[in-house]
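Numbering (my numbering), first residue to last: 2 to 175.
Single-structure report; data block below.
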DNA sequence: TCAATGATTTTG
DNA sequence: AAAATCATTGAT
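Below is the structure:
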């Protein structure tokens with residue numbers, strides 16, 4: 002079973018896509034062959050008004066990717082050493098993205114990109130057209146937990162207290 | 001608890 | 001043009 006997610010999956014609002022990504026398979030074709038991971042933790046960043054979202058202060062060279070049509074990756078460096086992997090959602094000029102925070106075998110957004118060998122070259126990569134990374138249908142999770150997002154205290158209220166982090170309970174993992 | 005470490009963004 | 005700011009991690 003390996004059904005690739007269609008482009009329409011990504012064109013919805015980020016608050017719909019973020020929880021929908023849980024249980025889906027992230028497929029990456031590296032030099033060592035094809036590897037698959039179950040997505041277990043995501044965070045939603047909802048564009049223009051969300052002060053925790055990089056795109057809230059307007060379009061810049063870095064955030065330009067988020068303003069494009071959904072279904073592509075937004076990859077960037079944080080704290081000088083960790084790549085963050087985000088999936089852009091919604092339509093053009095509606096800057097939204099989902100941060101992939103955890104996979105079944107890897108916890109932590111910085112560690113998972115290192116494990117995947119993700120780097121700058123994946124920025125702007127299409128998950129619909131690419132032959133080295135894409136998403137597939139997975140198992141429907143029976144239970145989804147939510148919490149405030151992590152590491153965005155600088156955004157202030159009301160954003161710090163919004164429950165836009167979605168994750169699966171430990172016993173749900175494979 | 002805090003140093004490492006660098007691209008991006010702004011004088012917090 | 002310089003300085004602060006981070007969607008973090010891991011070692012002390």
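For every residue, glycine included, the Cβ atom is placed at its ideal position computed from N, Cα and C.
Check: Count the other CB atoms within 10 Å of the CB of residue 37; is the residue buried (16 or more) or exposed (fewer)?
Finding: By one-based count along the first chain, residue 37 stands at place 36. Exposed is the call here.
Notebook entry, point to check: To the nearest angstrom, how far is it from the Cα of residue 177 to the Cα of residue 148?
Noted result: Past the boundaries of the shown model lies residue 177; the chain is included only from 2 to 175, so the question cannot be answered.
Next item on the list: Kindly list the residues whose CB is nearer than 8 Å to the CB of residue 84, restricted to its own chain and excluding five residues on each side of it in sequence; keep chain order.
Entry: As a working note, residue 84 is residue 83 in the first chain. Hits under 8 Å: 76, 77, 78, 111, 114, 115, 119, 120, 121.
Notebook entry, point to check: Since residue 147 is in the beta strand (DSSP E), which residue starts that stretch and which ends it?
Noted result: If you number the first chain from 1, residue 147 lands on position 146. 146-148 is the extent of the beta strand (DSSP E) around residue 147.
Next item on the list: Grab the span of the beta strand (DSSP E) containing residue 121 for me, first residue to last.
Entry: Translated into the one-based positions of the first chain, residue 121 becomes position 120. No beta strand (DSSP E) contains residue 121, which DSSP labels as neither H nor E.
Next item on the list: Name, in chain order, the residues that DSSP records as bridge partners for residue 87.
Entry: On the first chain, position 86 is the one that residue 87 refers to. Here residue 87 is bridged, per DSSP, to 75, 100.
Item checked: Buried or exposed (CB count within 10 angstroms, at least 16 for buried), residue 168 -> As a position in the first chain, residue 168 is number 167, starting the count at 1. Looking at its Cβ environment, which holds 16 or more other Cβ atoms inside 10 Å, residue 168 is buried.
Note to self: Rounded to the nearest angstrom, what separates residue 101 and residue 35 at their Cα positions?
What the structure shows: Here residue 101 refers to the residue found at position 100 of the first chain. Here residue 35 refers to the residue found at position 34 of the first chain. Approximately 19 Å, taken between the alpha carbons.
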